[in-house]
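This report refers to the structure that appears directly beneath it.
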Amino acid sequence: MEDTKYILEAKGIDKSFSGVTVLKGAELCIIPGELHALMGENGAGKSTLMKIIMGIYTKDAGTVTLDGKDTDFKSARDALDAGISMIHQELSPIPEMTVAENVFLGREQKKFKGLPFVDKKELNRMTQELLEEFGLSEFIKPDMKMKDLNIAQIQMMEIIKAISYNSKVVIMDEPTSSLSEKETETLFRIIANLKEKKIGIIYISHRMEEVFELSDRVSVLRDGQFIGCVNTKEASREELINMMVGRELEGGYPHNTAEKGDVVLELKNFTRKGVFENVNLSVHAGEILGMAGLVGAGRSEVMRALVGYDHLDSGEIILEGKNITIKHPKDAVRNHIIMASEDRKELGLVLCRSIKENVSLQNFDKLANASFINKGTERKLADDYTKQMATKMNGIEDMVSSLSGGNQQKVVLAKCLLSDPKVLIMDEPTRGIDVGAKAAIYNIMIELAKRGIAIIMISSELPELIGMSDRVMVMSGGKVTGVLEGEEAASQQKIMNLAFGGK
Amino acid sequence: MTQKKDMAKILRQFGLIFVALFIVVLMSFLSPVFMTSQNITNILRQISLNGILSIGMTFVILTGGIDLSVGSVIAITGVISGSMMASGGNWFVACIVALLCSLICGAINGWLISYVEFQPFIATLSTMTIGRGIALAYSDGKPYTISDPSFINIGQGYVLGIPIPIILLLIFCIAGLVILNMTTFGRYVFAIGGNKNAAKLSGVRTRRIQLAVYVLSSVCAWMVGLILAARISSGQPTAGESYEMDAIAATAIGGTSMSGGIGSLTGTICGFILLGLLNNSMNLMNINSFYQQIVKGCLIILAVFLDMKSKGKKD
């Protein structure tokens, strides 16, 4: 490999966000005409690395060279002009414009030099050429409106757009996540075409099968560090998983010594079409059930449907042996099934209101008589519960937006606890908070388990899942792929294997 | 730094009162009629219309919405009650029928916004236009003369020497303050404006609350419609035109954020009192109404500017 000429070479990349290290010595080298898969757990730093290569983030240290020349992109536009393009997971076409207009957005052919009149004919002709080249001209015409294409076709157009920039390197972030099998085939055909053109492809994917089918080499990141690069032909599934896991178990997880009681909550055949399917689970009093899976596995979606926030197509909820129906989050609160969402800003808190108002919002059953708020009780309980959580604040009249992430999370917990949960769903309870606050939240969780609350914890941090959970349920592609107990639950390999959909 | 913020906060909270006091002191020197009880009653009577409307508007804006249709509801109330009394109907029945109509208008607004998920601006812009059209078509563009003395009392009568519109204004203010500050409904209004998704996950029936807020606003418009028709002894299809703008102005001057979640009724009350004082003062000073509009606009800019200052700059 020594003499291989790399088209793109990123070496020793460091990046940290407000003190948190995301990348440390990350590395990625791409040979022209290869499909290079990039793998790693959630939060391993894949997206950050891509954004640094694209010039969206600035790197703290390291070099990125393209064709042997150092790059210093100020924006994604610079990267595009230099020959690196990225197809994002979330596509962003302009629906009311035509295919041709979308492809050449921002670099339209002018009819007359220096005058702002667009030469539509020329745009259409150029687009038609590209479509024919990739065998898409049958389905897509240059003058079709973007909104009339389906998701797969839009994705194809994004790729074509990338190529029309004469890209030397194309980055694809989970390109098949929204495609059907047939559409995926078309995508693979296009990829083969790109490889023939000696374009280097960086392919981020969570699908093992695809990686083995398509890629020439695989690089693995873990905790922002470069773990290694292997030839796909010489690698095995186990080997790759071993490279991805093995994050240090940073000790200090309190052991859940709570006595396990009866089954509190049982879900049967939970289904929401296209999102999750036939999910069954049960959780006991005093137990912490971990839910593992990669992004998009459907874990949060199941829980959101459980509490009535999202629509549920079918499924049964059995709480303490009784069938219940939940149509609106209000029903869940009444049945003491409480969810602390991962997204504090979006779903957890009303940031522009006070701590007190946030804590009491879902608890007026306790704090009000015939819809008149009992202000004394409200103040007292809000104060008690936030102090139990050791929330750092001047007082309960503080605006929630003035608190740090960890303290906001404590306010969310105080609010949930005031509802006397029987089942507490904690979605990524420690995301984005510092180490000290994490430890505090872990201790609170154990405390709650001891009170007999059944806790369901969704987490993308394997050490946290293994350290805290009594059992770990793993989901992949909307299905439960396994429930691990005891020794098994402590194996990062087993969890990751299931998260990738394996047996 | 925080001290500076505190200063700004104090300025914000009491700024409106300072401005109002300044106008009162200035006017009592400039105009001999200003401090007479007759002029003060006059001011209160003038602000009663915009005041009642602003109370409902504040609830709507706190949820992050807007209600442009209130002016049309005023007109519908006037022509419906006017036509019923003109054809010999009982005044009380006329009022109740008009109330039902306003409830329907509010429910349509609320339904469009919370269940069909229209943007509040578009939904109420449409119902504003439709409502005005209905009022004009129903009355064939002509006003109904009202002569029922009991009804006229609503706009012109007195109880214990206090004009009835002022008493009604007081009732609406107190009811509004109680609902917003002491009930769960009030909290839900703030929560929906602050973060609708979080409110829903907390078990708040967000759609019902949103619908209720628009109904509340229409009820305020109904009250204003009755007072106005009674005061001018006629139900006019063109009544209440652009009243929504003054109500929105009072709410904005009072420090309620147009994106919802932040604000207060006490602020709005200060807002409409200030607007009323300003109108009255400029009339007494014989300032041309063209210039009055300029002053009003500047006041809104000043108040909102102070508001932003007090919250600290966002980067």
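Heads up: the protein sequence lines correspond to chains A and B, in order.
Number 97 in this note's numbering belongs to position 97 of the first sequence; there are no gaps in the numbering.
So the number in this note's numbering is just where the residue sits in the second sequence, counting from 1, plus 1000.
C-beta: ideal position from N, C-alpha, C; glycine also.
This structure is a prediction, so every number in the text was calculated from the model and none was measured.
Checklist entry - For S1202 of chain B, which residues in chain A fall below 8 angstroms Cβ to Cβ? => result Your numbering for residue 1202 of chain B matches position 202 in the second sequence. Residues of chain A passing the Cβ test: P329, V333, L361, Q362 and K415.
Checklist entry - Closest Cβ-Cβ distance between V350 of chain A and chain E: below 7 angstroms? => result Any reference to chain E falls outside this structure, whose protein chains are A and B.
Checklist entry - G482 of chain A bridges to which residues according to DSSP? => result Along the first sequence, read from residue 1 onward, the residue named residue 482 of chain A stands at position 482. G482 of chain A pairs with A:V474.
Checklist entry - If you draw a straight line from the C-alpha of R334 of chain A to the C-alpha of D470 of chain A, how long is it? => result Sequence index remark: in the first sequence, residue 334 of chain A carries index 334 (1-based). Sequence index remark: in the first sequence, residue 470 of chain A carries index 470 (1-based). Straight-line Cα distance between these residues: approximately 27 angstroms.
Checklist entry - Near F139 of chain A, which residues of its chain fall below 8 angstroms by C-beta distance, leaving aside the five closest residues on each side in sequence? => result Here residue 139 of chain A corresponds to residue number 139 of the first sequence, with the count starting at 1. These residues qualify, in order along the chain: Q153.
Checklist entry - Who are the neighbours of I1262 of chain B on chain A, taking C-beta pairs under 7 angstroms? => result Counted from its first residue, the second sequence places residue 1262 of chain B at position 262. Within 7 angstroms Cβ-Cβ: C352.
Item to check | For T510 of chain A, the nearest candidate out of A:S459, A:E27, A:M445 and A:D60 (CA to CA) | outcome: Absent from the model: residue 510 of chain A. The displayed extent of chain A is 1 to 503, so no value can be given.
Item to check | Presumed contact (8 angstroms Cβ cut-off) between A297 of chain A and M475 of chain A, rounded CB distance | outcome: Numbered from its first residue, the first sequence carries residue 297 of chain A at position 297. Numbered from its first residue, the first sequence carries residue 475 of chain A at position 475. Contact holds; Cβ gap of about 4 angstroms.
Checklist entry - Since V357 of chain A meets chain B, which of its residues come closer than 8 angstroms, beta carbon to beta carbon? => result Residue numbering aside, residue 357 of chain A sits at position 357 when the first sequence is read from its first letter. Checking the displayed sequence, the identity of residue 357 of chain A turns out to be Glu instead of Val. Taking a Cβ-Cβ cut-off of 8 angstroms, the neighbours of E357 of chain A in chain B comprise R1187, F1190 and A1191, given in sequence order.
Item to check | Euclidean distance between Cα positions of Y1158 of chain B and G1071 of chain B | outcome: Here residue 1158 of chain B is taken as the residue at index 158 of the second sequence, counted from 1. Here residue 1071 of chain B is taken as the residue at index 71 of the second sequence, counted from 1. Cα to Cα, Y1158 of chain B sits roughly 26 angstroms from G1071 of chain B.
Checklist entry - Quick one: what's got a C-beta closer than 6 angstroms to S167 of chain A's C-beta in the same chain, skipping five residues either side? => result Here residue 167 of chain A corresponds to residue number 167 of the first sequence, with the count starting at 1. Once the five neighbours on either side are set aside, the close Cβ partners of S167 of chain A are G83 and S85.
Checklist entry - Who are the neighbours of S341 of chain A on chain B, taking C-beta pairs under 7 angstroms? => result Here residue 341 of chain A is taken as the residue at index 341 of the first sequence, counted from 1. Under the 7 angstroms cutoff, chain B gives L1201.
Item to check | Distance between beta carbons of M473 of chain A and M244 of chain A, contact taken as under 8 angstroms | outcome: As a first step, residue 244 of chain A must be located in the first sequence, where it is residue number 244. As a first step, residue 473 of chain A must be located in the first sequence, where it is residue number 473. With a Cβ gap of about 20 angstroms, M244 of chain A and M473 of chain A do not count as contacting.
Next on the checklist: If I measure Cβ to Cβ from N1283 of chain B and keep anything under 6 angstroms in the same chain, skipping five residues before and after, which residues do I get?
Outcome noted: For this step, residue 1283 of chain B is matched to residue 283 along the second sequence. Counting only Cβ-Cβ distances below 6 angstroms, and skipping sequence neighbours, we find nothing.
Next on the checklist: Below 8 angstroms, how does it come out for the segment 312-332 of chain A and the segment 1142-1156 of chain B: are there three or more Cβ pairs, yes or no?
Outcome noted: They do not touch, by the three-pair rule.
Item to check | Nearest-angstrom Cα separation, counted from T1077 of chain B out to V1097 of chain B | outcome: Within the second sequence, residue 1097 of chain B is the residue found at index 97, counting from 1. Within the second sequence, residue 1077 of chain B is the residue found at index 77, counting from 1. Distance between the alpha carbons of V1097 of chain B and T1077 of chain B: 9 angstroms.
Item to check | Spatial distance of M426 of chain A from G436 of chain A (CA atoms) | outcome: As a position in the first sequence, residue 426 of chain A is number 426, starting the count at 1. As a position in the first sequence, residue 436 of chain A is number 436, starting the count at 1. When rounded, the distance between both Cα atoms is 18 angstroms.
Item to check | Alpha-carbon to alpha-carbon, S371 of chain A and G1276 of chain B | outcome: Position 276 of the second sequence holds residue 1276 of chain B. Position 371 of the first sequence holds residue 371 of chain A. Cα to Cα, G1276 of chain B sits roughly 34 angstroms from S371 of chain A.
Checklist entry - So I191 of chain A packs on I201 of chain A, CB below 8 angstroms; how close in whole Å? => result As a first step, residue 191 of chain A must be located in the first sequence, where it is residue number 191. As a first step, residue 201 of chain A must be located in the first sequence, where it is residue number 201. Right, the Cβ-Cβ distance comes to about 7 angstroms (below 8 angstroms), so this counts as a contact.
Checklist entry - In whole angstroms, what separates the C-alpha of E132 of chain A from that of L194 of chain A? => result Walking along the first sequence from the start, residue 132 of chain A turns up at place 132. Walking along the first sequence from the start, residue 194 of chain A turns up at place 194. Whole-angstrom Cα-Cα distance: 14 angstroms.
Checklist entry - Using the beta-carbon count (16 or more within 10 Å), is N1293 of chain B buried or exposed? => result Counting from 1 along the second sequence, the entry for residue 1293 of chain B is found at position 293. For clarity, residue 1293 of chain B is Gln in the given sequence; the question names Asn instead. When all chains shown are included, Q1293 of chain B counts as exposed.
Next on the checklist: Could you give the first and the last residue of the continuous beta strand (DSSP E) run that contains V169 of chain A?
Outcome noted: Here residue 169 of chain A is taken as the residue at index 169 of the first sequence, counted from 1. Here the beta strand (DSSP E) through V169 of chain A covers V169 to D173.
Checklist entry - Any Cβ of chain B within less than 7 angstroms of the Cβ of E346 of chain A? => result Along the first sequence, read from residue 1 onward, the residue named residue 346 of chain A stands at position 346. Cβ-Cβ to chain B under 7 angstroms: yes for E346 of chain A.
Next on the checklist: Here's the rule I'm using: 16 or more other beta-carbon atoms within 10 Å means buried, otherwise exposed. How should F364 of chain A be labelled?
Outcome noted: Here residue 364 of chain A corresponds to residue number 364 of the first sequence, with the count starting at 1. Counting Cβ neighbours within 10 Å, F364 of chain A comes out buried, since at least 16 surround it.
Checklist entry - In three-state terms, what does DSSP make of Q362 of chain A? => result What you label residue 362 of chain A is simply residue 362 of the first sequence in a count that begins at 1. Note: Q362 of chain A maps to coil in three-state DSSP.
Next on the checklist: For V275 of chain A and L1169 of chain B, what's the separation of their Cα atoms in angstroms?
Outcome noted: Sequence index remark: in the first sequence, residue 275 of chain A carries index 275 (1-based). Sequence index remark: in the second sequence, residue 1169 of chain B carries index 169 (1-based). Approximately 53 angstroms, taken between the alpha carbons.
Checklist entry - Got a sec: is the Cβ-Cβ distance from A382 of chain A to anything in chain B below 7 angstroms? => result Position 382 of the first sequence holds residue 382 of chain A. By the rule that beta-carbons nearer than 7 angstroms mark a contact, A382 of chain A does not touch chain B.
Checklist entry - When the cut-off is 7 angstroms and only beta carbons count, does I338 of chain A lie next to chain B? => result Within the first sequence, residue 338 of chain A is the residue found at index 338, counting from 1. Chain B, which has no Cβ nearer than 7 angstroms to the Cβ of I338 of chain A, makes this no.
Checklist entry - Run through DSSP, which three-state label would L498 of chain A get? => result Looking up residue 498 of chain A in the first sequence gives position 498. L498 of chain A falls in the helix class under three-state DSSP.
Next on the checklist: Among A:A489, A:K327, A:G293 and A:L424, whose alpha-carbon lies nearest the alpha-carbon of K479 of chain A?
Outcome noted: Reading the first sequence from its first residue, position 479 is the one you call residue 479 of chain A. With distances taken between Cα atoms, K479 of chain A lies closest to A:G293.
Item to check | Runs of beta strand (DSSP E) wholly within the segment 239-273 of chain A (minimum 3 residues, chain order) | outcome: Secondary structure within the segment 239-273 of chain A: the beta strand (DSSP E) runs of 3 or more consecutive residues, fully enclosed, are 263-272 (chain order).
Checklist entry - Are any of the Cβ atoms in chain A nearer than 7 angstroms to that of A1252 of chain B? => result Residue numbering aside, residue 1252 of chain B sits at position 252 when the second sequence is read from its first letter. False, the Cβ-Cβ gap to chain A never drops below 7 angstroms.
Item to check | Inter-residue Cα distance where the pair is G467 of chain A and H255 of chain A | outcome: As a working mapping, residue 467 of chain A is identified with position 467 in the first sequence. As a working mapping, residue 255 of chain A is identified with position 255 in the first sequence. One C-alpha to the other measures close to 8 angstroms.
Item to check | Interfacial residues, the segment 412-444 of chain A to chain B, with Cβ spacing under 9 angstroms | outcome: K415 and S419
Checklist entry - In whole angstroms, what is the alpha-carbon distance linking Q1119 of chain B and K494 of chain A? => result If you number the second sequence from 1, residue 1119 of chain B lands on position 119. If you number the first sequence from 1, residue 494 of chain A lands on position 494. Straight-line Cα distance between these residues: approximately 49 angstroms.
Checklist entry - Closer than 7 angstroms, CB to CB, is M1182 of chain B near chain A or not? => result Here the question's residue 1182 of chain B lines up with position 182 in the second sequence. Taking Cβ atoms only, chain A reaches closer than 7 angstroms to M1182 of chain B, which makes this a yes.
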